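> Got a structure here, written out as structure tokens. Questions coming.
Residue numbers (our numbering), protein chains in the order written: chain A, 8 to 309; chain B, 557 to 943.
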């Protein structure tokens with residue numbers, strides 16, 4: 008049993024008839040994901056790769072049991088799609104779309120909390136329980152077939168980078184989640200850590216943060232207050248970022264010395280987290296830990 | 557998007573909040589004319605984004621139109637934190653009795669608007685927060701609550717010590733500021749100072765507005781304010797649909813990566829192994845063959861470029877499409893500097909095959925660090941990279 012998703016999770020895709028929706032629906036089907044329906048207003052009654060398409064979530068929900076929705080509609084339509092999923096009490100709503108207006112995310116997050124719905128994202132690559140299922144755009148062959156290390160990251164491509172390099176060295180991952188790179192996100196590092204604390208499949212957690220904001224600091228504070236009981240590693244991208252400069256469209260920025268990589272790493276280290284200076288260093292540190300815990304088990308390939 | 561003072565004042569004024577009488581001037585002659593029209597002692601204020609204008613001599617108090625002309629002459633063309641003064645705001649000087657503070661900020665951690673009110677205005681609010689936190693009254697707002705009524709602001713400003721007509725004016729302004737925050741999809745709307753004049757009027761003397769770039773598509777009224785960067789590379793990148801981030805003027809390594817996190821991690825690795833990045837391009841999601849080709853061309857055009865790392869994944873993007881973009885550039889003329897590609901993910905075999913035909917070194921497995929080390933060794937060996 009993985010956290011948030013597993014092989015039984017029944018998924019719908021809002022925006023399934025779009026270019027990205029169609030492509031990734033196919034990739035997910037190939038991975039054995041249980042996609043029960045797709046939603047596109049005006050395309051009700053059609054099919055995508057044999058998946059029935061409905062005009063509304065309500066209609067889909069009247070024909071299928073739904074555990075999870077993936078939202079892949081263009082940014083201006085995310086608010087409507089998410090509110091629709093929340094109103095229909097879909098337990099988990101994952102927003103892949105980037106460039107969602109932040110006020111829309113603010114509304115979605117507050118409405119979801121009021122309705123007991125979990126939101127992941129926006130601007131995320133999704134979540135994968137390798138070997139079981141996935142809800143997202145990650146290339147599955149870079150994620151292996153399961154293991155003991157969980158990865159939680161603001162950046163999707165850094166999920167691909169760290170998961171692939173761990174699996175290339177024979178270290179399997181239990182689940183990988185992109186929490187999203189936007190200023191407001193549904194599920195935070197702390198939320199993920201709380202779930203992973205009680206996940207029997209996960210023995211170590213890799214946190215991949217970025218400069219800006221205070222979510223990594225909050226994770227450090229959480230880890231200081233609980234007996235987490237599992238090994239935690241962390242890497243923060245952007246330690247050489249020039250202050251005051253917006254780093255790409257997702258907009259990580261160091262303002263007035265707040266949110267620097269150094270400050271985040273210091274807080275995490277103080278909370279007992281093993282911090283890494285680079286991706287290579289991160290992978291090496293996880294490998295060292297694994298070798299110490301399971302001597303002789305790793306067989307390298309690639 | 558960070559608005560200039562004159563733009564921020566315009567939106568604040570249009571929201572029904574009293575602002576000083578002002579005129580925007582593009583040259584000293586217009587500044588002179590502005591003071592003639594205002595017909596009062598005025599301030600001539602350089603329109604630049606960085607703070608510390610007063611100390612830098614970029615705000616001048618003037619009594620006459622002629623003084624405005626000579627002050628403006630001094631200010632125009634000055635460079636403040638890399639930005640040249642091209643506009644000044646000429647504004648009536650207020651008779652200040654007291655300075656207050658009010659803002660609505662987006663508390664991204666709580667996912668709620670937060671209204672901040674203080675009787676101690678005119679200074680950096682973060683200093684007030686550090687020295688005297690009780691002086692700031694915080695009112696969190698539930699974004700699901702559409703109707704926020706005036707009594708809340710009366711209560712808050714009452715606590716801050718206001719009374720009478722000044723209290724009702726400040727409360728009214730606060731309500732309008734929250735409305736404005738929602739209306740323009742703001743990250744921050746701040747009035748500092750909110751001035752009480754000697755004749756008992758409450759006026760927004762200075763304001764700061766930051767708007768969410770992702771929302772600009774639904775704000776045609778803000779399009780004139782769009783941050784038209786003077787850097788032609790950033791401007792071209794915007795046309796292509798990617799982000800170009802200059803890193804160092806002394807840089808000579810170009811980075812093309814997918815996503816802000818990987819872009820930054822690649823930048824870190826270049827520094828870590830002794831190189832200096834000039835810029836990175838974050839491709840974002842959904843990159844096309846043409847977008848990839850144009851991004852590579854843009855990076856090749858960057859001054860001082862000696863080597864380029866393309867560090868991408870086929871996730872939301874596709875390896876074959878990205879490789880075809882690179883191929884398109886090579887067909888038009890083989891780049892004369894070393895390029896290293898680290899690429900894996902969706903359609904990786906197709907992508908690798910295209911790059912192999914072009915004799916581009918590919919890091920198929922391995923980390924970003926390995927790709928950077930390879931690129932830097934090629935750059936150092938100079939000629940080898942030209943093979």
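Glycine residues also receive a C-beta, built at the ideal position from the N, C-alpha and C atoms. If you're wondering where the values come from, they're calculated on a predicted model, not measured in any experiment.
(1) Determine, for residue 38 of chain A, whether the minimum Cβ-Cβ distance to residues of chain B falls below 9 Å.
(2) Quick one: which residues of the segment 84 to 117 of chain A get their C-beta closer than 7 Å to a C-beta of chain B? List them in chain order.
(3) Suppose contacts are defined by Cβ-Cβ distances below 9 Å. Is residue 170 of chain A in contact with residue 18 of chain A by that definition?
(4) Verify the contact flag: residue 621 of chain B, CB atom, against every heavy atom of the ligand ZN, threshold strictly below 8 Å.
(5) Less than 9 Å between CB atoms is the rule here; does residue 23 of chain A satisfy it with respect to chain B?
(6) Listing by chain order, which chain B residues have their CB less than 8 Å from the CB of residue 217 of chain A?
(7) So is residue 168 of chain A buried or exposed if we call it buried at 16+ other beta carbons inside 10 Å?
(8) Excluding sequence positions up to five away, which residues of its chain have a Cβ less than 6 Å from the Cβ of residue 956 of chain B?
(9) Pair every Cβ in the segment 816 to 831 of chain B with every Cβ in the segment 914 to 934 of chain B, then say whether three or more of these pairs are closer than 8 Å.
(10) Based on Cα-Cα distance, which residue from B:888, B:741, B:834 and B:639 lies nearest to residue 850 of chain B?
(11) Residue 128 of chain A versus chain B: which residues are under 9 Å apart at the beta carbon?
(12) Does the segment 866 to 880 of chain B touch the segment 896 to 907 of chain B, meaning 3 or more C-beta pairs lie closer than 8 Å?
(13) Just the chain B side, please: which residues come within less than 7 Å of residue 167 of chain A by C-beta, in chain order?
(14) Indicate the three-state DSSP secondary structure (helix, strand or coil) for residue 632 of chain B in the structure shown.
(15) Quick one: which chain A residues come within Cβ less than 7 Å of residue 925 of chain B?
(16) Helix, strand or coil: how does DSSP classify residue 732 of chain B here?
(17) Assuming residue 867 of chain B is part of the alpha helix (DSSP H), what are its boundary residues?
(18) Are the beta-carbon atoms of residue 873 of chain B and residue 814 of chain B separated by less than 9 Å?
(19) Per the contact definition of three or more C-beta pairs closer than 8 Å, is the segment 557 to 564 of chain B in contact with the segment 590 to 606 of chain B?
(20) If contacts are defined as beta-carbon pairs under 8 Å, then residue 195 of chain A and residue 225 of chain A qualify, I think. What distance do you get, rounded to the angstrom?
(21) Using CA coordinates, which residue listed in A:189, A:248 and A:212 is at the minimum distance from residue 335 of chain A?
(22) For a contact meaning CB atoms closer than 7 Å, what does residue 149 of chain A contact in chain B?
(23) Taking only the alpha-carbon atoms, compute the straight-line gap between residue 660 of chain B and residue 13 of chain A and give it to the nearest angstrom.
(24) Along chain A, in chain order, which residues have C-beta atoms closer than 9 Å to that of residue 808 of chain B?
(25) Distance, Cα to Cα, residue 620 of chain B vs residue 197 of chain A?
(26) Just the C-alpha distance for residue 285 of chain A and residue 299 of chain A, rounded to the nearest angstrom, thanks.
(27) So is residue 31 of chain A buried or exposed if we call it buried at 16+ other beta carbons inside 10 Å?
(28) For the beta strand (DSSP E) that contains residue 541 of chain B, what are its first and last residues?
(29) If contacts are defined as beta-carbon pairs under 8 Å, then residue 587 of chain B and residue 628 of chain B qualify, I think. What distance do you get, rounded to the angstrom?
(30) Does DSSP put residue 246 of chain A in a helix, in a strand, or in coil?
(31) I need the straight-line Cα distance from residue 647 of chain B to residue 669 of chain B, nearest angstrom please.
(32) Between the alpha carbons of residue 943 of chain B and residue 857 of chain B, how many angstroms are there, rounded?
The answer reads as follows:
(1) Residue mapping note: residue 38 of chain A aligns to position 31 of the first chain, counting from 1. No, because no Cβ of chain B sits closer than 9 Å to the Cβ of residue 38 of chain A.
(2) 105, 106, 107, 108, 109, 110, 113, 114, 116 and 117
(3) As a working note, residue 170 of chain A is residue 163 in the first chain. As a working note, residue 18 of chain A is residue 11 in the first chain. For the 9 Å CB-CB criterion, residue 170 of chain A and residue 18 of chain A do not form a contact.
(4) Absent from the structure shown: the ligand ZN. Ligands present: none.
(5) Locating residue 23 of chain A in the first chain gives position 16, where the first residue counts as 1. So, not an interface residue.
(6) Locating residue 217 of chain A in the first chain gives position 210, where the first residue counts as 1. Ordered by position in chain B, the residues that pass the 8 Å Cβ test against residue 217 of chain A are 816, 817 and 820.
(7) Locating residue 168 of chain A in the first chain gives position 161, counting from the first residue. When all chains shown are included, residue 168 of chain A counts as buried.
(8) Nothing about residue 956 of chain B can be reported from this structure: the residues present for chain B run from 557 to 943 only.
(9) yes
(10) By one-based count along the second chain, residue 850 of chain B stands at place 294. With distances taken between Cα atoms, residue 850 of chain B lies closest to B:888.
(11) By 1-based counting over the first chain, the position of residue 128 of chain A is 121. In chain order: nothing, as chain B lies at least about 12 Å away.
(12) Taking 8 Å as the limit for Cβ pairs, the verdict is that the segment 866 to 880 of chain B does touch the segment 896 to 907 of chain B.
(13) Here the question's residue 167 of chain A lines up with position 160 in the first chain. Contact annotation for residue 167 of chain A against chain B: 869, 871 and 901 [CB-CB distance below 7 Å, chain order].
(14) Position 76 of the second chain holds residue 632 of chain B. Here residue 632 of chain B sits in coil by DSSP.
(15) As a working mapping, residue 925 of chain B is identified with position 369 in the second chain. Within chain A, the residues near residue 925 of chain B are 285, 286 and 287.
(16) Here residue 732 of chain B refers to the residue found at position 176 when the second chain is read from its first residue. Looking at residue 732 of chain B - three-state DSSP - the assignment turns out to be helix.
(17) Locating residue 867 of chain B in the second chain gives position 311, counting from the first residue. Segment 863 to 870 is the beta strand (DSSP E) holding residue 867 of chain B; no alpha helix (DSSP H) there.
(18) What you label residue 873 of chain B is simply residue 317 of the second chain in a count that begins at 1. What you label residue 814 of chain B is simply residue 258 of the second chain in a count that begins at 1. It is a contact, given that the beta carbons lie within the stated cut-off.
(19) yes
(20) Position 188 of the first chain, counted from the start, is the residue given in the question as residue 195 of chain A. Position 218 of the first chain, counted from the start, is the residue given in the question as residue 225 of chain A. At roughly 7 Å, the Cβ-Cβ gap stays under 8 Å, so residue 195 of chain A and residue 225 of chain A are in contact.
(21) In the structure as shown, chain A begins at 8 and stops at 309. Residue 335 of chain A is therefore absent and cannot be evaluated.
(22) As a first step, residue 149 of chain A must be located in the first chain, where it is residue number 142. From the beta-carbon of residue 149 of chain A, the residues of chain B found nearer than 7 Å are 900 and 901.
(23) As a first step, residue 660 of chain B must be located in the second chain, where it is residue number 104. As a first step, residue 13 of chain A must be located in the first chain, where it is residue number 6. Rounded to whole angstroms, residue 660 of chain B and residue 13 of chain A show a C-alpha spacing of 42 Å.
(24) If you number the second chain from 1, residue 808 of chain B lands on position 252. Per Cβ cutoff of 9 Å: no residues; residue 808 of chain B is ~15 Å from chain A at best.
(25) The residue labelled residue 620 of chain B in the question sits at position 64 within the second chain. The residue labelled residue 197 of chain A in the question sits at position 190 within the first chain. Going by the C-alpha atoms only, they are around 60 Å apart.
(26) For the purposes of this step, residue 285 of chain A is taken as residue 278 along the first chain, with counting starting at 1. For the purposes of this step, residue 299 of chain A is taken as residue 292 along the first chain, with counting starting at 1. Distance from the CA of residue 285 of chain A to the CA of residue 299 of chain A, rounded to the nearest whole angstrom, comes to 21 Å.
(27) Position 24 of the first chain, counting from 1, holds the residue named residue 31 of chain A. Classification of residue 31 of chain A: buried, given that the 10 Å Cβ count is 16 or more.
(28) Here chain B has residues from 557 to 943 only, and residue 541 of chain B is not among them.
(29) Along the second chain, one-based indexing puts residue 587 of chain B at 31. Along the second chain, one-based indexing puts residue 628 of chain B at 72. Yes, they are in contact, since the Cβ atoms of residue 587 of chain B and residue 628 of chain B sit about 4 Å apart, within 8 Å.
(30) Locating residue 246 of chain A in the first chain gives position 239, counting from the first residue. It is coil, neither helix nor strand.
(31) Counted from its first residue, the second chain places residue 647 of chain B at position 91. Counted from its first residue, the second chain places residue 669 of chain B at position 113. Roughly 30 Å between the two C-alpha positions.
(32) Here the question's residue 943 of chain B lines up with position 387 in the second chain. Here the question's residue 857 of chain B lines up with position 301 in the second chain. Interpretation of residue 943 of chain B is limited by its pLDDT of 41, a score under 50 that renders its predicted location unreliable; the figure taken from the coordinates is listed afterwards. Going from the Cα of residue 943 of chain B to the Cα of residue 857 of chain B covers about 20 Å.
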